[in-house]
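Right, one structure below, let's go through it.
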Amino acid sequence: MKTNIITLLVVAATLTFTSTSIAQKDFQGKAYYQSKTTMDMNFGDRQISEERKKEIADRMKSFLEKTYTLAFNKSESMYKEDEKLETPGQGGGRGGRFAAMMGAANGSQYKNIKDSLFLQENELLGKNFLVNDNLKALDWKMSGETKQIGQYTAFKATAMKEASTAGFSPRPGGPRGGNNDQASKDDVKPEEPKMVEVTAWYTMQIPVNQGPGKFWGLPGLILEVHEGNTSILCTKIEINSDNSETIKRPSKGKKVTQEEYNKITKEKMEEMSERFQGRGNRGGGRN
Numbered sequence: 566m567k568t569n570i571i572t573l574l575v576v577a578a579t580l581t582f583t584s585t586s587i588a589q590k591d592f593q594g595k596a597y598y599q600s601k602t603t604m605d606m607n608f609g610d611r612q613i614s615e616e617r618k619k620e621i622a623d624r625m626k627s628f629l630e631k632t633y634t635l636a637f638n639k640s641e642s643m644y645k646e647d648e649k650l651e652t653p654g655q656g657g658g659r660g661g662r663f664a665a666m667m668g669a670a671n672g673s674q675y676k677n678i679k680d681s682l683f684l685q686e687n688e689l690l691g692k693n694f695l696v697n698d699n700l701k702a703l704d705w706k707m708s709g710e711t712k713q714i715g716q717y718t719a720f721k722a723t724a725m726k727e728a729s730t731a732g733f734s735p736r737p738g739g740p741r742g743g744n745n746d747q748a749s750k751d752d753v754k755p756e757e758p759k760m761v762e763v764t765a766w767y768t769m770q771i772p773v774n775q776g777p778g779k780f781w782g783l784p785g786l787i788l789e790v791h792e793g794n795t796s797i798l799c800t801k802i803e804i805n806s807d808n809s810e811t812i813k814r815p816s817k818g819k820k821v822t823q824e825e826y827n828k829i830t831k832e833k834m835e836e837m838s839e840r841f842q843g844r845g846n847r848g849g850g851r852n
């Protein structure tokens, strides 16, 4: 009990200083995040050597480990994936093309808390889309548990949400053709929606309702998120620095809802899968 009182006093003292900065008319900041997703290397009945598993993991690394920047002010934010050069050998082959298509969903994400607006610019097979939806609020449960993240006191919150999916789960290596037609058809399987628990850690020392990706709605900036096999960790924060940027509402692309975009992505992946199966049967599974 005594420890909790001391923690709250420290937070209150810090908030007095922070609130002065937040109250500034042109308050803005940047938070930098690292995202890491682990991949289940269980291939069922398939006999795959450890060397092959390592090769698959190396190819998928650029899609499983990413860095992002969240620019934010009192009511808006823009979450962007940092651009980086692809390592030679990563993302190649049919499996790489499937993963690249899935990665097309990772465009810049704009959130406006005041207008309850979510926008995301996506490019899919050369066509630009603008996902236009209302912000979806999670039913956060506060636990009162705290921990230190860098110089910030972070509070724990949990919520249940539908698991994030790209609509399909391509098997590593992609379709390879051959006589087993059923095996080729199974190379891409639809994923059933399921609920997962999200754990978030936020700090009231930066009292904005923002966070990475679609996560928001807590009484402070979200510094850490754990959802299923994905973790997002904040590595650096800048407040009212010379490196701040003006947040501009996206406008490029055909306007669609998230549901409509998911349907389009699913259809395109089905077409892509059928095309690869045809090539594999004709060409003996050449890469």
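Converting from the sequence shown to the working numbering requires adding 565 to each position, the first position being numbered 1. Don't be surprised by glycine CBs; every beta carbon is placed ideally from N, CA and C.
When rounded, the separation of the alpha-carbon atoms in N808 and I621 is 38 Å.
Following the DSSP letters along the chain, one finds D623 inside the alpha helix (DSSP H) bounded by residues 615-629. Counting the other Cβ atoms within 10 Å of the Cβ of A722 gives 16 or more, which makes it buried. The DSSP assignment places 786-792, 795-804 as complete runs of the beta strand (DSSP E) inside the segment 783-817, in order along the chain (cut-off: 3 residues). Sequence-distant partners of I771 (beyond 5 residues in either direction) whose C-beta falls short of 8 Å from its own C-beta, in its chain, are T583, I587, G594, Y717, G785, L786, I802, I804. Sorting W705, K706, N687 by C-alpha distance to the C-alpha of N827 places N687 at the top. As summarised for the segment 696-733, there are no continuous alpha helix (DSSP H) elements at least 4 residues long confined to that stretch.
Sorting S796, S627, Q713, K813 by C-alpha distance to the C-alpha of M643 places K813 at the top. The segment 704-714 makes no contact with the segment 828-838: fewer than 3 CB pairs, one atom from each, lie closer than 8 Å. Between L703 and V763, the CB-CB gap stays under 9 Å.
Burial of T768 is indicated by the presence of at least 16 other C-beta atoms within 10 angstroms of its C-beta.
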